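Working notes for the structure below.
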Amino acid sequence: MTTTVSWVDEAWQQVEAKIARTSRRIGSGFPHASHGGTYDLAAPYWWTAGFWPGLLWLLYRESGTPEYRQIAEACEEQLDEVIKQFDRLDHDMGFMWTLTSVARYRLLGEEASRRRGLLAASLLMGRYNVKGRYIRAWNPWRENEDNSGVAIIDCLMNLPLLFWASQVTGDPRFSHVAIEHADTVLNHFIRPDGSVYHIVCFDSATGEHTGYRGGQGYAEQSAWSRGAAWAVYGLALCARHTGEARFLEAAKRCAHFFIANLPEDYVPHWDFRLPAGVPRYRDSSAGACAACGLLQLADLVAPEEAGLYRSAGERILHALYTHYGAWDDPDEEGLLLHGTSNYPENSNIDVPLIYGDYYFVEGLAKLKGRSEAFW
Ligand code: GLY
0 MTTTVSWVDE AWQQVEAKIA RTSRRIGSGF PHASHGGTYD LAAPYWWTAG FWPGLLWLLY
60 RESGTPEYRQ IAEACEEQLD EVIKQFDRLD HDMGFMWTLT SVARYRLLGE EASRRRGLLA
120 ASLLMGRYNV KGRYIRAWNP WRENEDNSGV AIIDCLMNLP LLFWASQVTG DPRFSHVAIE
180 HADTVLNHFI RPDGSVYHIV CFDSATGEHT GYRGGQGYAE QSAWSRGAAW AVYGLALCAR
240 HTGEARFLEA AKRCAHFFIA NLPEDYVPHW DFRLPAGVPR YRDSSAGACA ACGLLQLADL
300 VAPEEAGLYR SAGERILHAL YTHYGAWDDP DEEGLLLHGT SNYPENSNID VPLIYGDYYF
360 VEGLAKLKGR SEAFW
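Take 0 as the starting number for the sequence shown in numbering that gives the first Met the number 0 and just add one per residue.
The following block contains the structure:
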């Protein structure tokens with residue numbers, strides 16, 4: 000499939016038309032999942048807080064629409080209250096501040112945003128366990144729960160905040176931590192076939208690897224597709240920031256698994272290893288995120304290899320646009336239908352998800368030639 004500029008431009012126009020409408024209702028809220036056509040607004044300390052402002056920054060970068068900038072800035076400023084309660088924050092500070100403060104700093108050079116990003120990066124770095132060489136994922140979800148030894152695949156997408164912090168300060172400490180964590184992912188998360196574990200556990204006192212837990216995938220040994228997407232994009236970004244071949248090779252292995260397991264219409268099921276009888280909902284957000292990772296990979300590999308990743312990324316985005324978009328439904332605020340947030344917890348299944356929308360728009364921007372990302 001060759002890039003057909005026309006469908007990308009058409010999709011971009013559809014995105015702009017919908018966001019022009021939805022931004023008036025959502026304003027500087029923090030949408031997460033859409034139910035009955037309306038995005039639920041989440042609390043700003045939820046891990047998804049960056050995606051709406053990040054999406055608006057993507058649009059602002061092309062159009063300069065002042066309302067989008069104002070909303071994105073208002074979202075970022077609300078996170079100032081959130082970071083004061085830093086003990087409530089987990090490793091997803093990377094998602095949250097990369098798409099708010101880092102995005103604004105990259106676009107506008109705003110000093111206050113640089114400081115916010117660096118504060119978040121410092122807190123993220125503080126979650127590093129030196130013995131186990133991993134960044135702790137979560138705080139306790141319930142009283143007396145010990146999550147001090149838990150690391151999750153999603154964290155790969157938090158690492159760009161650390162690479163950015165080293166870049167702007169000239170201090171390699173942040174990158175050192177990112178690279179150590181990424182090496183732990185290579186050692187413990189990625190299976191020989193390129194599928195990944197969601198949750199890996201360590202003894203937080205000794206650093207010893209103790210096992211795995213089932214998470215948002217069907218089972219411990221299954222292959223949660225959004226986790227696979229975090230791996231493809233996260234490892235490709237590690238390769239971009241470090242130039243290290245081992246991260247590129249791992250990203251390619253995960254990408255090959257992802258591509259080989261796509262169904263005929265190129266949009267993944269929520270898990271690639273589902274036993275018979277389990278509902279095979281799609282997860283459009285996994286497709287959109289993986290597409291961004293595949294397009295990033297295409298920019299990193301030798302020209303003779305690039306076509307494989309570029310065409311796979313483009314096919315996924317085209318399929319999402321053609322068969323999963325809510326373009327014809329003026330009553331639906333989401334851009335992409337059929338996302339699955341957390342099937343095991345029966346949460347937000349088969350609905351639009353703000354991170355699916357974000358990565359879809361980032362993917363379109365890449366196809367329009369914007370190879371630089373906020374990550
Ligand atoms: N980072 C949580 C998720 O992917 O749902």
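Cβ atoms here follow ideal geometry from the backbone N, Cα and C, with glycine treated the same way. Since the model is a prediction, treat every value here as computed from it, not as a measurement.
- Listed in chain order, the non-local C-beta contacts of residue 126 below 7 angstroms within the same chain comprise 90, 134, 135, local neighbours out to five positions each way being set aside.
- These are the residues, in chain order, with a beta carbon less than 6 angstroms from any non-hydrogen atom of the ligand GLY: 46, 153, 215, 225, 340.
- Residues 97, 159, 236 of the same chain have their beta carbon placed closer than 7 angstroms to that of residue 374, with the five preceding and five following residues left out of the count.
- Take residue 349, set aside five residues on each side of it, and the residues of its chain with a beta-carbon closer than 7 angstroms to its own are 280, 337, 339, in chain order.
- The residues 67, 70, 71, in chain order, have a CB closer than 6 angstroms to that of residue 55 in the same chain once the five nearest residues on each side in sequence are set aside.
- In terms of Cβ geometry, residue 372 and residue 288 do not form a close pair [threshold 9 angstroms].
- Counting only residues of its own chain and dropping the five nearest sequence neighbours on each side, residue 299 has a CB closer than 7 angstroms to the CB of 235, 238, 239, 247.
- The region 43-58 makes contact with the region 99-107; the number of CB pairs closer than 8 angstroms reaches 3 or more.
- Residue 139 counts as exposed, since fewer than 16 other beta carbons sit within 10 angstroms of its beta carbon.
- Just so you know, the alpha carbons of residue 174 and residue 265 end up roughly 34 angstroms apart.
- Taking the Cα positions, residue 353 is about 18 angstroms away from residue 317.
- When DSSP reads this structure, residue 223 sits in a beta bridge with 270.
- Beta-bridge pairing by DSSP links residue 74 to no other residue.
- The beta carbons of residue 272 and residue 220 sit closer together than 9 angstroms.
- Secondary structure note for residue 358: its alpha helix (DSSP H) is the uninterrupted segment 353-366.
- In this model, residue 88 and residue 99 are separated by some 16 angstroms (Cα to Cα).
- If the five residues before and after residue 202 are omitted, its C-beta is found closer than 7 angstroms to the C-beta atoms of 148, 209, all from its own chain and listed in chain order.
- With respect to the C-alpha of residue 150, the residue from 6, 43, 180, 259 having the closest C-alpha is 180.
- Nearest to residue 73 by alpha-carbon distance, out of 84, 154, 49, is 49.
- Taking the C-beta atoms as reference points, residue 42 is found nearer than 9 angstroms to residue 29.
- The beta carbon of residue 102 sits closer than 7 angstroms to those of 53, 56, 373, all from its chain and outside the five residues before and after it, given in chain order.
- Residue 152: not part of any beta strand (DSSP E); DSSP gives it neither H nor E.
- With a contact defined as Cβ atoms closer than 8 angstroms, residue 370 and residue 319 miss out at about 20 angstroms.
- For residue 348, the enclosing beta strand (DSSP E) begins and ends at 346-350.
- Per DSSP, residue 203 has no beta-bridge partner at all.
- The beta carbon of residue 341 lies closer than 6 angstroms to those of 215 in the same chain, with the five residues before and after it left out.
- A straight line joining the alpha-carbon of residue 243 with that of residue 224 spans about 25 angstroms.
- The residue from 95, 191, 93 with its alpha-carbon nearest to that of residue 222 is 191.
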